[in-house]
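All the letters of the sequence shown, read from the start, carry residue numbers 1 to 471 under UniProt numbering.
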Amino acid sequence: MKENAEQVLRNFDGQISLSVDILRCRKAYEYMCLKAHFITEDWNLRNWVLNFRHINATWEDDCLDGAILKALRGWDIGNKIASITFLTDWVYDEGIDNVKEYVQEMKKLQFNGQIFRLYCSADIFKSMVQDAFKVISGTIHTIDELMYFGKPSYLWDLAYDRLKMALECEAKEEFGKEEYDNCDKPPADEWKKVEGICKLLESLYNAAKSIFEVKDPTANIYLLNLREVWATLTKEANSSDSFIRDVAAKMHESMVVMMTTMKFLPYFEFSSTKYGGNDDNNEVSTVVLAIHSLYDNYSIRFPETENRVSNPTSSDSGGETPRQVKRGCLSSDDSSNHLQDYQKFIESTNQPLKSEIDMYLEEPVLPWTQDFNILSWWRAASPRYPILSRIARDYLPVPMSVVTSMDAFFAIEREISPRYASLKPDLMNAIMCTRSWFPDELKSVVGSSLGFEEMLEEMDFVEDLYLSLRH
1 MKENAEQVLR
11 NFDGQISLSV
21 DILRCRKAYE
31 YMCLKAHFIT
41 EDWNLRNWVL
51 NFRHINATWE
61 DDCLDGAILK
71 ALRGWDIGNK
81 IASITFLTDW
91 VYDEGIDNVK
101 EYVQEMKKLQ
111 FNGQIFRLYC
121 SADIFKSMVQ
131 DAFKVISGTI
141 HTIDELMYFG
151 KPSYLWDLAY
161 DRLKMALECE
171 AKEEFGKEEY
181 DNCDKPPADE
191 WKKVEGICKL
201 LESLYNAAKS
211 IFEVKDPTAN
221 IYLLNLREVW
231 ATLTKEANSS
241 DSFIRDVAAK
251 MHESMVVMMT
261 TMKFLPYFEF
271 SSTKYGGNDD
281 NNEVSTVVLA
291 IHSLYDNYSI
301 RFPETENRVS
311 NPTSSDSGGE
321 TPRQVKRGCL
331 SSDDSSNHLQ
341 DYQKFIESTN
351 QPLKSEIDMY
361 LEEPVLPWTQ
371 DFNILSWWRA
381 ASPRYPILSR
391 IARDYLPVPM
401 SVVTSMDAFF
411 AIEREISPRY
421 ASLKPDLMNA
431 IMCTRSWFPD
441 ELKSVVGSSL
451 GFEEMLEEMD
461 FVEDLYLSLR
471 H
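Structure representation (structure tokens):
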């Protein structure tokens, strides 16, 4: 099975984006999950685990960058890496820089490597939620006891739902009933703060649900949702309520890191007009230039695929040339002179050729729909836009988060199952890798994201996976 995976990556002619997740176990060990994200020629998104292993900062080969570099060399894909998405923890910055240097020795990075390191949106969302919950932590504890919620939730979306439920009960005066007489209850000003925090988190909550709970989380999905969060925080950071203003400003600071790489021309023009004043004008120009520079670079690298169109009238006229020559029965010299004169005429009257990017930008903007499938759209449009479709294949799989689904809502460090962590290193890696390589219809058989309990009960199946990876 590994040989098949190696062959797929070896023959892949596009760029591959990486993501690195860090998990922990109860023994305080750290585990690295290195994934490759790419879109196949038939426009299917693949998220393959390349390596899952224990890392140790005190040993060179076992440190984070050492483990990543070893995996890249083993898979021989260093010359195909476009970016790496990682957590916001600065502790690993030096290691990521070492990986970047290695990749730059193998290839030239787009935009001089400015967008090589990307930050995990789920990690930044968690940071913003923690900033918001921190200022009402005492009130949250009181509400948990008042509502008999028990232990605090380690999933921030559930914690948000609990606060919304408590606000609904307060609005209905449920806590004024006799059964709550002996319970501690937040005063009115604290309820107002909870309401304000929930209002701030609403856009974050809605965005997270839209971003993390989709089958194929391509980069375009993040655009609309993150800009909505950005707009809300920008507005609330100027609120007349000092409490909300301070919290929103803190959350806004956390988001700045991520938003610097999430830019798109039409939305920038809209946002700069509605929220950003004139400060974004220079950034709009920068993005426009970057887009054209990227397109020009791809046009040079793939000249055989470039698709240009000119004025239809000129094309029709050009098609009549052979018939005119045949009817006139010109001599070879006269024919040559006639064709040269005709070519000069065409060059003087023909309209400039339009590039793919010009044609694409002139197309009407599709209305936003929740079920829009961008992979299907580009699959159909690729014959019309061969160069742009190559760009789309390279950049749509760039992961804006290292985790999705429920894992994206953890407010604490995530742990792997102790039973899974007790396996031998090679076997642990075999299970994690092979389950990500299976076709979608078989993945439900292999197990869940971090559990594997059902799978581990079938040890014969596990051993088969282990052997398939080794051979």
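Glycine included, each C-beta is placed from N, C-alpha and C at the ideal position.
Spatial neighbours of M251 within its chain, please: CB distance less than 6 Å, with the 5 preceding and 5 following residues excluded, ordered by chain position.
Closer than 6 Å at the Cβ level, and outside the excluded window around M251, lie M128, D131, L233.
Take L167 and list the residues in its own chain whose beta-carbon comes closer than 8 Å to its own, dropping the five residues that flank it on each side.
W191, V194, E195, C198
What do you reckon, are the CB atoms on L294 and Q110 nearer than 8 Å?
yes
For Y148, count neighbouring C-beta atoms within 10 Å of its own C-beta (all shown protein chains included) and say buried if the count is 16 or more, exposed if not.
exposed
R393 versus D62: straight-line alpha-carbon distance, rounded
33 Å
To the nearest angstrom, report how far apart S405 and A411 are at their CA atoms.
14 Å
Own chain partners of K107 with C-beta closer than 6 Å, once the 5 adjacent residues on each side are dropped:
These residues qualify, in order along the chain: N79.
Consult DSSP for L423 and reduce its assignment to one of helix, strand or coil.
coil
Could you check which residue in S254, K215, V229, T40 has the C-alpha nearest to that of E202?
V229
According to DSSP, which residues form a beta bridge with N47?
H37
Given a threshold of 16 other Cβ atoms within 10 Å of its Cβ, counted over all protein chains shown, does M459 qualify as buried or as exposed?
Only weak support exists for where M459 lies, its pLDDT of 44 falling under 50; the coordinates are left without a value.
Mind the definition here: the segment 10-23 touches the segment 66-81 only if three or more C-beta pairs lie below 8 Å; say whether that holds.
Because the criterion of three Cβ pairs below 8 Å is met, the segment 10-23 and the segment 66-81 touch.
Minimum length 4: unbroken alpha helix (DSSP H) runs contained in the segment 189-267:
219-236, 242-259
Go through its chain and collect everything with a Cβ distance to G113's Cβ below 7 Å, but skip five positions before and after it.
So the qualifying residues of the chain are K100, Q104.
Please classify T40 as buried or exposed, where buried requires at least 16 other C-beta atoms within 10 Å of its C-beta.
exposed
Do you know offhand how far A161's Cα is from I136's?
It should be pointed out that residue 161 corresponds to Asp in this sequence rather than to Ala. The alpha-carbon atoms of D161 and I136 are separated by roughly 15 Å.
State the Cα-Cα distance for the pair F268 and V365, rounded to the nearest angstrom.
Note that F268 has pLDDT 43, beneath the 50 cutoff, so the model's placement of it is unreliable and the number below is only indicative. Cα-Cα distance, rounded: 15 Å.
Considering only C-alpha positions, which residue in the set W75, N182, D144, D97 is nearest to N4?
W75
Selection from L427, P418, C433 that minimises the alpha carbon distance to R26
P418
L204 and F125: beta carbons closer than 8 Å?
yes
Put residue 482 into one of helix, strand or coil per three-state DSSP.
Missing from the structure shown is residue 482; the chain here goes from 1 to 471 and no further.
Where the beta strand (DSSP E) containing V20 begins and where it ends
16-24
Which word fits M165, buried or exposed, when buried means at least 16 other C-beta atoms lie within 10 angstroms of its C-beta?
It counts as exposed.
Can you give me the Cβ contacts of S19 inside the same chain, cut-off strictly under 6 Å, excluding the 5 residues immediately before and after it?
K35, T85, P399, V402
Let me confirm a value: T369 is counted as buried when at least 16 other C-beta atoms fall within 10 Å, else exposed. Which label applies?
exposed
Stretch-stretch touch, CB-based, cutoff 8 Å, three pairs: the segment 49-57 with the segment 422-435
yes
Please state whether DSSP places L118 in a helix, a strand or coil.
strand
Assigned exposure category for S422 - 16 Cβ within 10 Å defines buried
exposed
Excluding sequence positions up to five away, which residues of its chain have a Cβ less than 6 Å from the Cβ of D65?
G95, N98, V99
For the putative contact between I16 and H37, defined by C-beta atoms under 8 Å, what is the C-beta separation to the nearest angstrom?
7 Å
Could you check what DSSP says for I84 in three-state terms: helix, strand or coil?
strand
Determine the burial state of V91: buried for a count of at least 16 other Cβ atoms within 10 Å of its Cβ, exposed for fewer.
So V91 ends up on the exposed side.
For the alpha helix (DSSP H) that P303 lies in, which residues bound it at each end?
Annotation: P303 is outside any alpha helix (DSSP H) and is labelled neither H nor E by DSSP.
Quick check on D157: buried or exposed, where buried means 16 or more other Cβ atoms within 10 Å of its Cβ?
buried
I55 classed as buried or exposed, judged by whether at least 16 other C-beta atoms fall within 10 angstroms
buried
D89 versus L146 - alpha carbon distance:
Rounded to whole angstroms, D89 to L146 spans 35 Å at the Cα level.
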